[in-house]
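Residue numbering for the sequence shown follows my numbering, beginning at 81 and increasing consecutively.
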Amino acid sequence: MDLFSHTWAALRTAVAGLADEDFARPSGCAGWLVRDLVCHLVIDAQDVLITLVTPAESEPTRDAVTYWNVATEPPTGDDPLDALIVRLAAAYEEPRLLTFHLDDVGSAAGRAAVLADPELRVETQGQVLTAGDYLSAYVLEWTLHHLDLVAHLPHVTGPPAEGLARTREMLEKIAGTAFPTSFSDADALLVGTGRRAPTDAERAELGELASRIPFVLG
Numbered sequence: 081m082d083l084f085s086h087t088w089a090a091l092r093t094a095v096a097g098l099a100d101e102d103f104a105r106p107s108g109c110a111g112w113l114v115r116d117l118v119c120h121l122v123i124d125a126q127d128v129l130i131t132l133v134t135p136a137e138s139e140p141t142r143d144a145v146t147y148w149n150v151a152t153e154p155p156t157g158d159d160p161l162d163a164l165i166v167r168l169a170a171a172y173e174e175p176r177l178l179t180f181h182l183d184d185v186g187s188a189a190g191r192a193a194v195l196a197d198p199e200l201r202v203e204t205q206g207q208v209l210t211a212g213d214y215l216s217a218y219v220l221e222w223t224l225h226h227l228d229l230v231a232h233l234p235h236v237t238g239p240p241a242e243g244l245a246r247t248r249e250m251l252e253k254i255a256g257t258a259f260p261t262s263f264s265d266a267d268a269l270l271v272g273t274g275r276r277a278p279t280d281a282e283r284a285e286l287g288e289l290a291s292r293i294p295f296v297l298g
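Structure (structure tokens):
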């Protein structure tokens, strides 16, 4: 729960510090500018709020790791929902309006997470998780999108080390194996989720795992 709050606060702080021109830069998400990614974060925050007030009576069907659906092909940006995000982001017109909305809804999501009982069972996307597992899953979401945010903005502070380490741990559980210890946490996540291609040297170190990446999480 604390790590959810820490990674979410770090991501929102990074967005709050962006210059207007940064919003027109590419993000690490295929087909999305930074403004599109920030708009997606608004939707994510709304999802957190909705899920935390959608209790379930049945036993959990997923946990923080199995919450994720895994594909092998990175998104192209052509998905209808992805395209909708682009149109929504453009409708804000001014970056300050977008950052205001993220701060407003994002702060509420952060408060809701602090107040949530980690043992509460909640439902989302037809699955049941404890609130604690659901919020733990979102550590991965915040960390990967923080990497996406700074992909072409080297002057912006990246995700906290604790979030990177926990997200790598979750990705390795999804993969069923560890990434080479020579890989930094950020490089393991970028390569492992298809955000960048491995170098020849990295591919050699990955060995059999090189034929299984990327693990595209959605």
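The beta-carbon is built from N, C-alpha and C at its ideal position, and this holds for glycine as well.
Bounding residues of the alpha helix (DSSP H) (the contiguous stretch that carries residue i)
i	result
valine 208	Run containing valine 208: none in the alpha helix (DSSP H); it sits in the beta strand (DSSP E), 207-210.
leucine 131	Residue identity differs from the one stated: residue 131 is threonine in this sequence, not leucine. Threonine 131 -> alpha helix (DSSP H) spans 114-132.
histidine 86	82-96
alanine 136	No alpha helix (DSSP H) contains alanine 136, which DSSP labels as neither H nor E.
arginine 292	No alpha helix (DSSP H) contains arginine 292, which DSSP labels as neither H nor E.
aspartate 100	Counting along the chain, aspartate 100 falls outside any alpha helix (DSSP H), and DSSP gives it neither H nor E.
alanine 268	265-272
Endpoints, beta strand (DSSP E) assigned at residue i
i	result
glutamate 249	It is not in any beta strand (DSSP E) - glutamate 249 instead sits in the alpha helix (DSSP H) that spans 241-255.
Contact test: residue i Cβ vs the ligand SAM heavy atom, cutoff 7 Å
i	result
glutamate 249	This structure simply doesn't include the ligand SAM, nor any ligand for that matter.
Within 8 Å, strictly: CB atoms of residue i and residue j
i	j	result
proline 240	alanine 96	no
isoleucine 254	valine 145	yes
tyrosine 214	valine 202	yes
tyrosine 147	leucine 209	yes
valine 128	alanine 192	yes
glycine 272	alanine 151	no
threonine 204	threonine 131	yes
leucine 269	leucine 289	no
alanine 110	threonine 237	no
Residues that DSSP places opposite residue i in a beta bridge
i	result
arginine 201	Thr210
valine 150	Leu297
valine 106	Looking at the sequence shown, residue 106 is not valine but proline. According to DSSP, which records beta bridges pairwise, proline 106 is partnered with Leu113.
Of the listed residues the options, nearest to residue i (C-alpha basis)
i	options	result
arginine 249	Leu220, Val230 and His232	Sequence check: residue 249 is glutamate here, not arginine. The shortest C-alpha separation from glutamate 249 is found at Leu220.
glycine 108	Leu168, Pro154 and Thr204	Pro154
serine 262	Leu286, Arg246 and Arg275	Leu286
(request) Can you check the stretch 152-191 for any alpha helix (DSSP H) of at least 4 residues that lies completely inside it and give the ranges in chain order? (result) 160-171
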